[in-house]
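Residue numbers (our numbering): -12 to 567. The beta carbon of each residue, even a glycine, is placed where N, CA and C say it ideally should be. Computed from a predicted structure; not experimentally measured. Note sheet for the following structure.
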DNA sequence: GCCGTTTTCGGCCCGACTGTTTTCAGTCG
């Protein structure tokens, strides 16, 4: 899908237009279009072919033409022209926190710099201070900004940010003068990576809360400590912002700081149409004498209600159709963690897991699950101690013994069968037939050509067993690109063969991603959520991220097979041979 | 550059904090 690539180009154009001090509404038009493209659930190439580009919000005549230009030629001439006239270092400087377009231009014009290293050197030699409106403090901040960028190099995976946020919230909520507290921002929306952590509290002693916050042991640097906002960098180089808000504005503030920005803009527009004003302080109605009266703000529910909308879950707030769905009453009833009856991707110490079958069963029962699948690797994956046919048969007998002792809980017999480069499966069919269910996955030869990889996976989906395709793109967030594969063809093959596709809940995988999961579910492909746990104590809780991804993909319980009983989920995976 | 049961032209979301200032610009979210 080219959606993301084009979104990046539009953002880049917006950056350059900012440096040129272009019309700010033109700049935000590019940014809005980029955001909408990134969240658009369908392939922009398909939309273009169907002549429906203009249905993507924020895409008009001009940007539509630029998208088509990119789809045809792989380039956008306008960006090339802009880039030719823009020194790289100006764009690099925009990524430094505290440097915006004005400062970047000033530094570029006044200092002889070609890259961030030059700027760092200039700051170290104190050649930055002394420029108009720049003194020692600003120079120091620029230096710290560059160093932070060097260290953090991008965004933080949700699996890193979420536990840290939980820890901070836990510490703050123990303070007697902290009333309400919640994470906000992209973390609350469960984006797969976040730029920072936002936390919101209400308190009668804001200064004390912020003092406690900036003194937390994990804090290594304080960026701000005002009366309503504290901002710090932790020892893991993650920025955390804390905001203290008034009780009567908590809902409005939570809504505002949860975003997304695009969702908020839509809400403000709705407020305006109703002759009201929405800000982080509340929803206000204008009354006589130019004054205004607060009509909502205490809770998010209240804000949505007064705007004439049902409550919209944070995971949906991307302006990806949720406002329209809310208006016409078609919001999905999203799947929740309480709907989940079992985990559908799990390893034991028979391959590369750390827990014995008994321990896995006990962990599953304790988690309140009805079932849990044992899906150890197969023989090709020697590095993971993959199981041969003989060992798998032995393992099945062992599982039978354990199941005989369990009440109200069952281990399902499965295997994470390697999809070999030619699309065949890494175990004899006579043994596969004895399993309840198989999980199929690619673990080797990631760099195949797109057509070959697609053919490989599609062929594997056509084998006549009940099955789940695991981590279908192989991506590792921040570490490994997805392999080249035609996911539309894969989704079709899964639908034809009655197979499920997994949302792998490991926070560095989240594969399927939310947009593709939404697409697969729309094509009537059952979705499975599996944690890929190798160590129960630390990884079973990844289910949380899988559920969040499903919710971001608009999935309801009916779309997710592990909301079913074991019997129903097995009957739903037909195991018929694919037709294509 | 987009968009329209208020508009095809004239709008386009709103406010806090910082660092430099003496009333505010720049940045950020």
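Inter-residue Cα distance where the pair is residue i and residue j
{"i": "residue 287", "j": "residue 243", "result": "10 Å"}
{"i": "residue 14", "j": "residue 48", "result": "16 Å"}
{"i": "residue 92", "j": "residue 68", "result": "19 Å"}
{"i": "residue -6", "j": "residue 499", "result": "20 Å"}
{"i": "residue 194", "j": "residue 214", "result": "6 Å"}
{"i": "residue 38", "j": "residue 531", "result": "38 Å"}
{"i": "residue 365", "j": "residue 415", "result": "11 Å"}
{"i": "residue 377", "j": "residue 296", "result": "59 Å"}
{"i": "residue 0", "j": "residue 20", "result": "11 Å"}
{"i": "residue 350", "j": "residue 523", "result": "7 Å"}
{"i": "residue 169", "j": "residue 156", "result": "7 Å"}
{"i": "residue 201", "j": "residue 534", "result": "32 Å"}
{"i": "residue 387", "j": "residue 551", "result": "22 Å"}
{"i": "residue 46", "j": "residue 65", "result": "16 Å"}
{"i": "residue 420", "j": "residue 452", "result": "7 Å"}
{"i": "residue 228", "j": "residue 171", "result": "10 Å"}
{"i": "residue 7", "j": "residue 17", "result": "14 Å"}
{"i": "residue 525", "j": "residue 341", "result": "11 Å"}
{"i": "residue 150", "j": "residue 308", "result": "30 Å"}
{"i": "residue 134", "j": "residue 495", "result": "25 Å"}
Nonlocal neighbours in the same chain, by C-beta distance under 6 Å from residue i, ignoring five residues either side
{"i": "residue 566", "result": "Confidence at residue 566 is low in this model, with a pLDDT of 49, below 50, so its placement is unreliable and the value that follows should be read with caution. Excluding sequence neighbours, residue 566 sits near 483."}
{"i": "residue 370", "result": "none"}
{"i": "residue 272", "result": "263, 280, 282"}
{"i": "residue 97", "result": "118"}
{"i": "residue 125", "result": "none"}
{"i": "residue 444", "result": "477"}
Residue i vs residue j beta-carbon contact at 8 Å
{"i": "residue 427", "j": "residue 406", "result": "yes"}
{"i": "residue 519", "j": "residue 549", "result": "no"}
{"i": "residue 363", "j": "residue 403", "result": "yes"}
{"i": "residue 270", "j": "residue 293", "result": "yes"}
{"i": "residue 250", "j": "residue 326", "result": "no"}
{"i": "residue 478", "j": "residue 506", "result": "yes"}
{"i": "residue 107", "j": "residue 130", "result": "yes"}
{"i": "residue 187", "j": "residue 254", "result": "no"}
{"i": "residue 70", "j": "residue 32", "result": "no"}
{"i": "residue 570", "j": "residue 358", "result": "Only positions -12 to 567 of the chain appear in this structure, which leaves residue 570 out of reach."}
{"i": "residue 356", "j": "residue 328", "result": "yes"}
{"i": "residue 344", "j": "residue 385", "result": "yes"}
{"i": "residue 437", "j": "residue 472", "result": "yes"}
{"i": "residue 63", "j": "residue 3", "result": "no"}
{"i": "residue 368", "j": "residue 450", "result": "no"}
{"i": "residue 331", "j": "residue 361", "result": "no"}
For residue j and residue i, believed in contact at Cβ under 8 Å, the rounded distance
{"i": "residue 501", "j": "residue 546", "result": "Wrong, their Cβ atoms sit about 12 Å apart, outside the cutoff."}
{"i": "residue 218", "j": "residue 210", "result": "4 Å"}
{"i": "residue 23", "j": "residue 43", "result": "6 Å"}
{"i": "residue 236", "j": "residue 268", "result": "5 Å"}
{"i": "residue 197", "j": "residue 165", "result": "That pair is no contact at about 11 Å."}
{"i": "residue 455", "j": "residue 497", "result": "Incorrect: roughly 16 Å between the Cβ atoms, too far for contact."}
{"i": "residue 174", "j": "residue 148", "result": "6 Å"}
Contacting residues, own chain, Cβ-Cβ under 7 Å from residue i (five flanking each side not counted)
{"i": "residue 537", "result": "322, 490, 504, 514, 516, 547"}
{"i": "residue 143", "result": "180, 181, 225"}
{"i": "residue 433", "result": "461, 470"}
{"i": "residue 207", "result": "220, 221, 222"}
{"i": "residue 160", "result": "168"}
{"i": "residue 132", "result": "83, 84, 85, 86"}
{"i": "residue 521", "result": "334, 339, 340, 341"}
The beta strand (DSSP E) enclosing residue i, as first and last residue numbers
{"i": "residue 608", "result": "Residue coverage of the chain in this structure runs from -12 to 567, which leaves residue 608 outside it and unanswerable."}
{"i": "residue 491", "result": "487 to 491"}
{"i": "residue 176", "result": "Segment: none, residue 176 is in no beta strand (DSSP E) and carries neither H nor E."}
{"i": "residue 269", "result": "269 to 273"}
{"i": "residue 219", "result": "216 to 221"}
{"i": "residue 517", "result": "514 to 517"}
{"i": "residue 404", "result": "403 to 405"}
{"i": "residue 358", "result": "358 to 361"}
N-terminal and C-terminal residue of the alpha helix (DSSP H) that residue i is part of
{"i": "residue 10", "result": "Neither: residue 10 is in no alpha helix (DSSP H) and is coded neither H nor E."}
{"i": "residue 79", "result": "75 to 81"}
{"i": "residue 241", "result": "237 to 245"}
{"i": "residue 378", "result": "376 to 392"}
{"i": "residue 351", "result": "344 to 353"}
{"i": "residue 253", "result": "248 to 260"}
{"i": "residue 232", "result": "Careful: residue 232 lies outside any alpha helix (DSSP H), inside the beta strand (DSSP E) at 226 to 232."}
{"i": "residue 539", "result": "530 to 539"}
{"i": "residue 417", "result": "416 to 419"}
Cβ neighbours of residue i in the same chain (closer than 8 Å, five flanking residues each side left out)
{"i": "residue 176", "result": "245, 246, 247, 301, 302, 304, 305, 539"}
{"i": "residue 80", "result": "86, 90, 91, 94, 95, 103, 106"}
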